[in-house]
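Chemist: Can you keep this structure in mind? I'll have questions shortly.
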Amino acid sequence: MIGPTNDQFPASVPDIPVARTLLLSVGVSRPAHARFLLVGLASLILLVAAWSSSLREIAPTPAITLGAAQSTLNSQPDQSADLRLYRSVVRRLQSGENYYHATTTEQRARSFPLRPGIAVRPPTLAWLQAGLGNSGTMVAAILLLVAIAAAWWQRFEDEGASPSERRVGTALIVVGCSLLLNPDYHVLHELWAGALIALSIGLQRPGQWLGAVVVGGLALAVRELVLPFIMLMAALALYRRDWQELGGWSAIVIAFVALLTWHVSVVSSYVLPEDMSGPGWLALRGPAGWMTNIVLSSSLHMLPAVVSSVVVVFALLGWAAFRSPAAVTVSLLSIGYGVAFMFAGREDNFYWGMIVTPMLFAGIAFVPRLLAPLWNNALRSTPV
Numbered sequence: 007m008i009g010p011t012n013d014q015f016p017a018s019v020p021d022i023p024v025a026r027t028l029l030l031s032v033g034v035s036r037p038a039h040a041r042f043l044l045v046g047l048a049s050l051i052l053l054v055a056a057w058s059s060s061l062r063e064i065a066p067t068p069a070i071t072l073g074a075a076q077s078t079l080n081s082q083p084d085q086s087a088d089l090r091l092y093r094s095v096v097r098r099l100q101s102g103e104n105y106y107h108a109t110t111t112e113q114r115a116r117s118f119p120l121r122p123g124i125a126v127r128p129p130t131l132a133w134l135q136a137g138l139g140n141s142g143t144m145v146a147a148i149l150l151l152v153a154i155a156a157a158w159w160q161r162f163e164d165e166g167a168s169p170s171e172r173r174v175g176t177a178l179i180v181v182g183c184s185l186l187l188n189p190d191y192h193v194l195h196e197l198w199a200g201a202l203i204a205l206s207i208g209l210q211r212p213g214q215w216l217g218a219v220v221v222g223g224l225a226l227a228v229r230e231l232v233l234p235f236i237m238l239m240a241a242l243a244l245y246r247r248d249w250q251e252l253g254g255w256s257a258i259v260i261a262f263v264a265l266l267t268w269h270v271s272v273v274s275s276y277v278l279p280e281d282m283s284g285p286g287w288l289a290l291r292g293p294a295g296w297m298t299n300i301v302l303s304s305s306l307h308m309l310p311a312v313v314s315s316v317v318v319v320f321a322l323l324g325w326a327a328f329r330s331p332a333a334v335t336v337s338l339l340s341i342g343y344g345v346a347f348m349f350a351g352r353e354d355n356f357y358w359g360m361i362v363t364p365m366l367f368a369g370i371a372f373v374p375r376l377l378a379p380l381w382n383n384a385l386r387s388t389p390v
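Residues are numbered in my numbering as their position in the sequence shown, beginning at 1, plus a constant of 6.
The structure is reproduced here in structure tokens:
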């Protein structure tokens, strides 16, 4: 038998259909069954490789090149209009200007939409960066990266990762968060939101939830796209019947709804009749939307599309093979946002993928748990 039996399956892992489908043992003791699973896995990889080969290769450009349309996995857009906008807003705040006046003025001048109200980002990140300045923001980014590494180093140990898995997994999470060290992207909301989500999950334990809730709330204050993560954490707390943690996540949702309502109302007071409305976010891009968002928001953009797509699949399989409470959370989070990316977000919104890329590739550390026992059982000449 590969991996723990059902009796050994951690009690804190949700016994719900999706989680069980992802996380139950994928290997069997019978050689014929193991061989069948290996053939199925190989077929899946070949299918993904064949599909991704029909997409354009990713150009060797920086991962985040915002403000220009992306037709598939690749194009070579101009320097980001989005980043220039956010930097201009921070400079105006540093000169003493009101956030909403500065932002609506800049978006209007640059032909950015002001309708609906959520077309204007929450002020949290701009306020913090205006107060910290460039040097202070870099210090904050370094401290956040160190905190993420420390949190996951401890969480991997707590959940039974081997020493090598612990080292590789933590290193891959650091790599996933490494854009924090590039000051060019510090004004990007998704960068900080994804890193804060990674820290929140790294801190969370049954009965030890306060730090995770506080950090998750800060992530939501930076970018409203974090709301599905908050709802997932609340759902997992509900499953565990951890009423205190559920109350914490629920309080975050209630506060968010109130603050978002206030934010939209303030934005509306600055909107003029001639201001633009933004195009809808509904875009049925299918699997290409998922893969584009992940690849272009990470270091995978430097690899051929075939290779990067296969890496994403193995990362997901690795997390499924780990089968721990953290693995359940990361798997459900990655797949949930991935499905959302298939239906929502235009091609120039690919940087939304940064919400999940900080943790995704750490799943590679656990791929041997999937492949090695399966391969060994497949080579057996007789059933056990």
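Beta carbons are placed, not taken as given, at the ideal position from N, Cα and C, and that holds for glycine.
Tell me the rounded alpha-carbon separation between Thr298 and Ser206.
Modeler: Cα to Cα, Thr298 sits roughly 25 Å from Ser206.
Chemist: For Ile370, which residues in the same chain have their Cβ closer than 7 Å to its Cβ, ignoring the five residues on either side in sequence?
Modeler: Counting only Cβ-Cβ distances below 7 Å, and skipping sequence neighbours, we find Leu178, Phe320, Ala321, Gly324.
Chemist: Just how far apart, CA to CA, sit Trp296 and Asp88?
Modeler: Spanning the two alpha carbons is a distance of roughly 21 Å.
Chemist: Buried or exposed: which applies to Glu280, given that a residue is buried once 16 or more other Cβ atoms fall within 10 Å of its Cβ?
Modeler: It counts as exposed.
Chemist: Is the region 299-316 touching the region 154-163 in the sense that three or more CB pairs, one from each, lie closer than 8 Å?
Modeler: No, they do not touch.
Chemist: Any contact between the region 162-176 and the region 343-363? By contact I mean 3 or more CB pairs, one from each, below 8 Å.
Modeler: No, the region 162-176 is not in contact with the region 343-363.
Chemist: Specify, as a first and last residue, the run of the alpha helix (DSSP H) that Gln210 falls within.
Modeler: Element bounds for Gln210: n/a, residue is neither H nor E.
Chemist: Helix, strand or coil for Ala115 per DSSP?
Modeler: DSSP places Ala115 in helix when its eight states are reduced to three.
Chemist: What number of angstroms, rounded off, separates the C-alpha of Gly351 from the C-alpha of Leu288?
Modeler: If I take the Cα positions, the gap works out to 6 Å.
Chemist: Under DSSP, the alpha helix (DSSP H) around His269 begins and ends at which residues?
Modeler: It spans 249-276 - the alpha helix (DSSP H) in which His269 sits, taken as one unbroken run.
Chemist: Please state the DSSP three-state secondary structure of Ala153.
Modeler: Note: Ala153 maps to helix in three-state DSSP.
Chemist: Any contact between the region 98-114 and the region 202-222? By contact I mean 3 or more CB pairs, one from each, below 8 Å.
Modeler: Contact between the region 98-114 and the region 202-222 is absent, because fewer than three Cβ pairs lie under 8 Å.
Chemist: If you drop the 5 nearest sequence neighbours on each side, which residues of the same chain put their C-beta closer than 7 Å to that of Gln14?
Modeler: Bear in mind that the predicted position of Gln14 carries a pLDDT of just 35, short of 50, making it too unreliable to give a figure here.
Chemist: Report all residues from its chain with a CB closer than 7 Å to the CB of Phe372; omit the five preceding and five following residues, and keep chain order.
Modeler: Cβ neighbours of Phe372 beyond the five flanking positions: Glu171, Gly324, Trp325, Ala327, Phe328.
Chemist: Determine the direct distance from the alpha carbon of Val228 to that of Ala125, and round the result to whole angstroms.
Modeler: Roughly 14 Å separates the two Cα atoms.
Chemist: I'd like the span of the alpha helix (DSSP H) that includes Ala289, first residue to last.
Modeler: First-last for Ala289: undefined, no H or E at that position.
Chemist: Helix, strand or coil for Ala350? Go by DSSP, reduced to three states.
Modeler: Three-state result, Ala350: strand.
Chemist: Going by the CB atoms, is the gap between Arg116 and Leu91 shorter than 8 Å?
Modeler: Taking 8 Å as the Cβ cut-off, Leu91 and Arg116 qualify as a contacting pair.
Chemist: Can you tell me which of the three DSSP states Val316 falls into?
Modeler: Val316 falls in the helix class under three-state DSSP.
Chemist: Just tell me which of Leu131, Ala294, Ala241 has its CA closest to the CA of Ser256.
Modeler: Ranking the options by Cα distance to Ser256, first place goes to Ala241.
Chemist: Assuming Ile203 and Phe235 make a contact with CB atoms under 8 Å, what is their CB distance in whole Å?
Modeler: About 5 Å separates the two Cβ atoms, so the contact holds.
Chemist: Ordered along the chain, which non-local residues of its own chain (more than five positions away) have a Cβ less than 8 Å from that of Gly182?
Modeler: Taken in chain order, the residues that qualify are Ala204, Ser304, Thr363, Pro364, Met365, Leu366, Phe367, Ala368.
Chemist: Specify, as a first and last residue, the run of the alpha helix (DSSP H) that Ala241 falls within.
Modeler: First-last of the alpha helix (DSSP H) with Ala241: 233-245.
Chemist: So, under 8 Å CB-CB, Gly123 and Val273 are touching, yes? Tell me the CB distance rounded to an integer number of Å.
Modeler: Confirmed, Cβ separation roughly 4 Å.
Chemist: Using 8 Å for Cβ pairs, my map puts Met348 next to Gly292. What's the rounded Cβ distance?
Modeler: Contact flag correct, Cβ pair sits at about 5 Å.
Chemist: Could you check how far apart the C-beta atoms of Ala147 and His192 are, in whole angstroms? I think they sit under 8 Å.
Modeler: Yes, Ala147 and His192 are in contact; Cβ-Cβ is about 7 Å, under 8 Å.
Chemist: Can you name the residues that DSSP bridges to Ser283?
Modeler: According to DSSP, Ser283 bridges with Arg121.
Chemist: Would you mind reading off the limits of the alpha helix (DSSP H) that contains Glu230?
Modeler: Neither: Glu230 is in no alpha helix (DSSP H) and is coded neither H nor E.
Chemist: Could you work out which residue in Asn188, Val96, Gly253, Val277 is closest to Pro129 when comparing CA atoms only?
Modeler: Closest option to Pro129, Cα to Cα, is Val96.
Chemist: With a 10 Å radius around its C-beta and 16 neighbouring C-beta atoms as the bar for buried, classify Thr409 as buried or exposed.
Modeler: Lying before the first or after the last residue shown, residue 409 is absent from the chain, which here runs from 7 to 390.
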